[in-house]
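Below you'll find the structure, written out as structure tokens, and then a few comments.
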Amino acid sequence: MSKEVLKQAEERMNKSIESFQQQLATLRTGRANPSILDRVQVEYYGMMTPLNQLSSISVPEGRMLLIQPFDKSVISEIEKAIQKADLGLSPSNDGNVIRISVPALTEERREEIVKYVGRYAEEAKVAVRNVRREANDELKKMEKSNELTEDGLRRAQDDVQKLTDKMIAKIDDTAKAKEEDIREI
């Protein structure tokens, strides 16, 4: 029974880490990456719609993004949405496609992005620790209802702690790798 609690905790911790990795993917490094536009919402027929549902986004060159809207009438709205998103990008619209030249990051902007990495990492760690707390609470309930012995509870809590330590180390490693990638010129 305690193995089930541990398995559920591991699944939930992994989801927290996946969410963290998706957040990191939206941060801009010096290279062009379509995922930096994931948070861009475009007003389309009165509704806010994700940019990637209105267009195809490709990387023809290392520092260039090419956005091809499925509906050409929305091209100016897409351009406005990218400018409003405050990503430090300047789109150029030729009527058919939008080209975005991804500029090299300034040192100041790099450090700003590194701060976001740290913030996202801390949020992921808090989520993992919350899962640990919930798993431990569940284990204590099991011990109170005599489904688990006192020794079994201690062993299970140790396993949950080891899992938590492993997940937090994974978050730290991922954050460190992303910070190095951002600081790389």
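Residue numbering for the sequence shown follows UniProt numbering, beginning at 1 and increasing consecutively. Idealized CB from N, CA, C, for every residue including glycine. Bear in mind that the values here come from a model prediction, so they are computed numbers and not experimental data.
- In the structure shown, PRO60 falls within a strand segment according to DSSP collapsed to helix, strand and coil.
- A direct Cα-Cα distance of roughly 7 Å separates LYS178 from VAL117.
- Cβ-Cβ distances below 6 Å link ALA25 to SER35 in the same chain, with the five nearest sequence neighbours on each side left out; the list follows chain order.
- For ILE67, DSSP records a beta bridge to ILE57 and ILE98.
- The shortest C-alpha to C-alpha distance from ASN96 to any of LEU27, ASN130, SER73 and VAL102 is the one to SER73.
- GLN157 and LEU139 have their C-alpha atoms some 8 Å from each other.
- Comparing alpha carbon positions, the residue from SER101, MET167, ARG99 and THR49 closest to ARG132 is MET167.
- Residue pairing by DSSP puts VAL42 in a beta bridge opposite THR49.
- In terms of Cβ geometry, SER16 and ALA135 do not form a close pair [threshold 7 Å].
- Ranked by Cα distance from ASP71, the options ARG39, LEU163, ARG63 and TYR44 are led by TYR44.
- Note on the stretch 96 to 164: whole beta strand (DSSP E) runs with a minimum of 3 residues are 98 to 101, in chain order.
- Contact between the stretch 80 to 87 and the stretch 1 to 17 is not established, with fewer than three Cβ pairs separated by less than 8 Å.
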